[in-house]
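Q: Pasting a structure below so you can have a look.
2 protein chains.
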Amino acid sequence: MKINTPYLLFLGDAPDPLAAKVAQGICDWRPEFALGQYRLPGCQADMVLPDMSPKEAYAAGARTAVVGVANRGGIISEDWQAFLQEALNSGLDLAAGLHQRLADIPVLQETANALGRSLFDVRHPSQTFDVGNGKKRRGKRLLPVGSDCSCGKMYTTLALEKAMRERGMNADFRATGQTGILITGDGVSVDAVVADFISGAVEALSPDNADDHWDLIEGQGSLYHPSFAGVTAGLIHGAQADALVLCHEPTRTHMRGLPHYPIPPLASVMTLSLSMAQLTNPAARFCGISLNTSQLDADAAERHVRTLEDEFSLPCVDPVRHGVGRLIDALDDGCS
Amino acid sequence: MKINTPYLLFLGDAPDPLAAKVAQGICDWRPEFALGQYRLPGCQADMVLPDMSPKEAYAAGARTAVVGVANRGGIISEDWQAFLQEALNSGLDLAAGLHQRLADIPVLQETANALGRSLFDVRHPSQTFDVGNGKKRRGKRLLPVGSDCSCGKMYTTLALEKAMRERGMNADFRATGQTGILITGDGVSVDAVVADFISGAVEALSPDNADDHWDLIEGQGSLYHPSFAGVTAGLIHGAQADALVLCHEPTRTHMRGLPHYPIPPLASVMTLSLSMAQLTNPAARFCGISLNTSQLDADAAERHVRTLEDEFSLPCVDPVRHGVGRLIDALDDGCS
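So the protein lines, in turn, are chains A and B. Residue 36 in numbering that gives the first Met the number 0 is what sits at position 37 of the first sequence, and the numbering runs on without skipping anything. Residue 191 in numbering that gives the first Met the number 0 is what sits at position 192 of the second sequence, and the numbering runs on without skipping anything.
Here's what the structure looks like:
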């Protein structure tokens, strides 16, 4: 799926800025896609973009209205439908990453069909894939692996793309989840493909490329997460990563959503991840650690970083506090 | 999904007995479900069952016509459609495990709707599942893991069910693939569920049970198969196995379908499988090895068995040559 850009960001009736994190991600990582915003009365989020009607946005060049807000349950609120309908009528496609599909709302599907617009429900892949074949592909690949879900893998990968491009390197983020797809307009939500095709979907997402090109493949889940490790395993095999980055949030006390599962030792995560990665790329190596220290003060963050550097003899950074330059240096140093 | 039994087995125009392996599996493992057979002209398979028309089969108590034959491509042959239509008209449901769905043939779906019959496309789960939660469930569980796909996991599991029941043990086979589902009338094709729900589907397939009850969960794929390891990983986490059985075919030179991937060392398969199994059941242990020696003569088979017993200090059997009794003895000996 390839979503047409730039976007009109729909912030809806977001009760707080966090509810608009998809829109915020687009503004942070693809500001050139963020043409304008549309807010309903009471909206508590603001991307500091021009407020535009769908008609104004289309005239200014926007091609897709992106639902940049999430609500409890992942449903498409009735309060949003007048906007969505107006966006289609104004010439815009629609894109959303919610559990409920835009395409399951008959009036939207009928309008889209009648006008030739597209509805992108990025959480629900519509493509079919071949099963993975494990054949070596040209180009270089990096994949973050986590001690848990939601510990900074997407942020780390997008930060790497930005920093590598600033250095003039040939690098592309490859989105594997709905937020990453909405941010970049492209990708495959690998947790939503049929189980037999996980690695095949990742192979399709990251095809042969130039020898000096880096695919920075968004990580998902954790091999130690009892709900989602199948996704992670297929992702690791399909990615054929040359370089792995360990992502970790040091204040987490248990696996996300599962209070009865402690966070695994980082050494175990690294050993298991490397063992699986080396099946499809025997040269796979860890190039560093990305630590999400957002819950720590500066002193505690530095202590954690130094402890992990000493323990694993790898560069360790918080992408927000330190940037990811040292991880890129480690790639140059032949980690892969 | 729960398919009504007994069955009329449709052997179609099977060009050889192997093409009817689903029907053969039902006759071998659930003979009480195999009421009769229906063959088209030229059929080269014979289950030595009464030949019956759909009407005769329904009158004799049959409730489902099972497509017990596969052809290249997994499509529903046009030559089969008259039979399938007649089966619906005679009162039978239809079940098949082919890539092409019965439900995608409009005349069959319309007839089924009109008459209130069910179409079971067991390769395509229609249920929805919760994501796995990894919570400890009551009862005991056994899971075979393989060095490769198609090396004897289903056969081993069904042989264990039969032998355990003959000993008066409380044991149930839990099918995770289309052949197993058609044989037993129940199960979930885990390679066909959405990736996020692999472990959750297995948890649903094998719920809380009596303390002395064994769920014998059909294995799938291999952690070392680059196409399908995601399925295997989620299956291992969802199964929470107390006992693992290593399944292996010793003459295989490469992973099924992937000539560029050698068969992994068995010690690696065991280490990786155990590492993943112990996440959701720290007590998981290997209780033995099941060797498919069908390609070896008796002497070579015995040599292989003795070599593996010595190497791994575990009972090793070929279920066909030796039965699986020694694997069950190992369960009693406290392997789990």
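In this text, a Cβ means the ideal position worked out from N, Cα and C, and glycines have one as well.
Between the alpha carbons of Phe227 (chain B) and Leu101 (chain A), how many angstroms are there, rounded?
A: Near 31 Å, if we compare the C-alpha coordinates of Leu101 (chain A) and Phe227 (chain B).
Q: Does Ile327 (chain A) come out as helix, strand or coil in the three-state DSSP assignment?
A: If DSSP states are grouped into helix, strand and coil, Ile327 (chain A) belongs with the helices.
Q: Within its chain, find whatever has a CB closer than 7 Å to the CB of Leu271 (chain B); leave out the 5 residues flanking it on each side and keep chain order.
A: So the list reads Leu222, once near-sequence residues are dropped.
Q: Please name the residue in B:Ala297, B:Arg29, B:Phe32 and B:Arg251 whose C-alpha comes closest to that of Ser348 (chain B).
A: Residue 348 (chain B) is absent from the model: chain B starts at 0 and stops at 335.
Q: Note down, in chain order, all residues in the stretch 204 to 235 of chain A with a beta-carbon under 8 Å from any beta-carbon belonging to chain B.
A: Those residues of the stretch 204 to 235 of chain A that come within reach of chain B (Cβ to Cβ, closer than 8 Å) are Leu222, Tyr223, Pro225, Ser226, Phe227, Ala228, Gly229, Val230, Thr231, Ala232, Gly233 and Leu234.
Q: I'd like the ranges of any beta strand (DSSP E) spanning at least 3 consecutive residues and lying wholly in the stretch 212 to 290 of chain B.
A: You should have 213 to 216, 242 to 247, 257 to 261 and 284 to 290.
Q: Using CA atoms only, rank isn't needed, just tell me which of A:Pro16, A:Leu34, A:Gly11 and A:Val130 is closest to Gly229 (chain B).
A: Comparing Cα positions, the closest option is A:Val130.
Q: Quick one: grab the DSSP three-state call for Cys150 (chain B).
A: Correct three-state label for Cys150 (chain B): coil.
Q: When DSSP labels each residue in this structure, what does Ala162 (chain B) get in the three-state scheme?
A: The answer is helix: DSSP assigns Ala162 (chain B) an H, G or I state.
Q: Can you check whether the C-beta of Val144 (chain A) is within less than 8 Å of a C-beta belonging to chain B?
A: So, not an interface residue.
Q: Applying a beta-carbon distance threshold of less than 7 Å, which residues of chain B neighbour His253 (chain A)?
A: Those do not exist, as His253 (chain A) stays about 11 Å from chain B at its closest Cβ, beyond 7 Å.
Q: Could you give the DSSP three-state label for Val21 (chain B): helix, strand or coil?
A: The answer is helix: DSSP assigns Val21 (chain B) an H, G or I state.
Q: Determine, using beta-carbon pairs with one atom in the stretch 235 to 254 of chain B and one in the stretch 133 to 152 of chain B, whether at least three such pairs fall under 8 Å.
A: Segments in contact, yes.
Q: If you follow the alpha helix (DSSP H) that Val319 (chain A) is in, where does it begin and where does it stop?
A: Pro318 to His321 is the extent of the alpha helix (DSSP H) around Val319 (chain A).
Q: What's the gap between the Cα of Val66 (chain A) and the Cα of Asn3 (chain A)?
A: Those two C-alpha atoms are separated by around 14 Å.
Q: Closest to Pro249 (chain B) by C-alpha separation, out of B:Leu10, B:Arg305, B:Ala240 and B:Pro206, would be which residue?
A: If we check each option's Cα against that of Pro249 (chain B), B:Arg305 comes out closest.
Q: Assess, as a yes-or-no matter, whether the stretch 65 to 84 of chain A is touched by the stretch 10 to 18 of chain A under the definition of 3 or more beta carbon pairs within less than 8 Å.
A: Flag = yes, the stretch 10 to 18 of chain A and the stretch 65 to 84 of chain A touch.
Q: To the nearest whole angstrom, what separates the beta carbons of Ala44 (chain B) and Ala19 (chain B), a pair I think is in contact under 8 Å?
A: Confirmed, Cβ separation roughly 4 Å.
Q: Quick one: which unbroken alpha helix (DSSP H) runs of 4-plus residues sit fully inside the stretch 292 to 316 of chain A? Chain order, please.
A: Listed in chain order, the complete alpha helix (DSSP H) runs (minimum 4 residues) inside the stretch 292 to 316 of chain A are 297 to 311.
Q: Taking the straight line between their C-alpha atoms, what separation do you get for Val323 (chain A) and Val192 (chain B)?
A: Whole-angstrom Cα-Cα distance: 37 Å.
Q: What are the start and end residues of the alpha helix (DSSP H) that includes Val201 (chain B)?
A: Segment Ile197 to Leu204, the alpha helix (DSSP H) holding Val201 (chain B).
Q: Between the Cα of Ala95 (chain A) and those of A:Leu39, A:Phe9, A:Asp171 and A:Pro263, spot the shortest distance and give me the residue it belongs to.
A: Answer by Cα proximity: A:Phe9.
Q: Let's test the definition: count the other Cβ atoms within 10 Å of the Cβ of Arg40 (chain A) and tell me whether it reaches 16, buried, or not, exposed.
A: Arg is not the amino acid found at residue 40 (chain A); the sequence shown has Pro there. Exposed: under 16 other Cβ atoms inside 10 Å.
Q: Just curious, the alpha helix (DSSP H) that Leu107 (chain A) is in, first and last residue?
A: Counting along the chain, the alpha helix (DSSP H) containing Leu107 (chain A) begins and ends at Pro105 to Leu114.
Q: Against chain B, which members of the stretch 131 to 142 of chain A pass a CB distance test of less than 8 Å?
A: For the stretch 131 to 142 of chain A, which is checked against every Cβ of chain B, the residues closer than 8 Å are Gly131, Asn132, Gly133 and Lys134.
Q: Can you list the residues of chain B that His259 (chain A) reaches, using a CB-CB cut of under 9 Å?
A: Asn132, Gly133, Lys134 and Lys135, listed in chain order.
Q: With distances taken Cα to Cα, identify the nearest neighbour of Ala174 (chain B) among B:Ala209, B:Arg325 and B:Asp214.
A: Ranking the options by Cα distance to Ala174 (chain B), first place goes to B:Asp214.
Q: Please list the partners that Val193 (chain A) has in chain B, where partner means a Cβ-to-Cβ separation under 8 Å.
A: Simply Asp190, Ala191, Val192, Val193 and Ala194.
Q: Would you check if the stretch 267 to 285 of chain B and the stretch 169 to 189 of chain B touch, i.e. whether three or more CB-CB distances between them fall below 8 Å?
A: No: the two stretches stay apart, fewer than three of their Cβ pairs being nearer than 8 Å.
Q: Given a limit of 8 Å on CB to CB distance, which residues of the stretch 271 to 286 of chain B reach chain A?
A: For the stretch 271 to 286 of chain B, which is checked against every Cβ of chain A, the residues closer than 8 Å are Leu271, Ser274, Met275, Leu278 and Thr279.
Q: Alpha carbon to alpha carbon, how far is Leu118 (chain B) from Ala240 (chain B)?
A: Roughly 32 Å between the two C-alpha positions.
Q: Using the C-alpha atoms, what's the distance from Ile104 (chain B) back to Val121 (chain B)?
A: If you take the alpha carbons of Val121 (chain B) and Ile104 (chain B), they lie about 15 Å apart.
Q: Hey, is Ile74 (chain A)'s beta-carbon within less than 8 Å of any beta-carbon in chain B?
A: Output row for Ile74 (chain A): interface = no.
Q: When the Cα of Thr231 (chain A) is compared with those of A:Pro261, A:Gly220, A:His259 and A:Leu17, which residue comes out closest?
A: If we check each option's Cα against that of Thr231 (chain A), A:Gly220 comes out closest.
Q: Quick one: does Ser149 (chain A) have its CB under 8 Å from some CB of chain B?
A: It does not; no Cβ of chain B falls within 8 Å.
Q: Beta carbon of Ser188 (chain B), beta carbon of Gly176 (chain B): below 8 Å?
A: Taking 8 Å as the Cβ cut-off, Ser188 (chain B) and Gly176 (chain B) qualify as a contacting pair.
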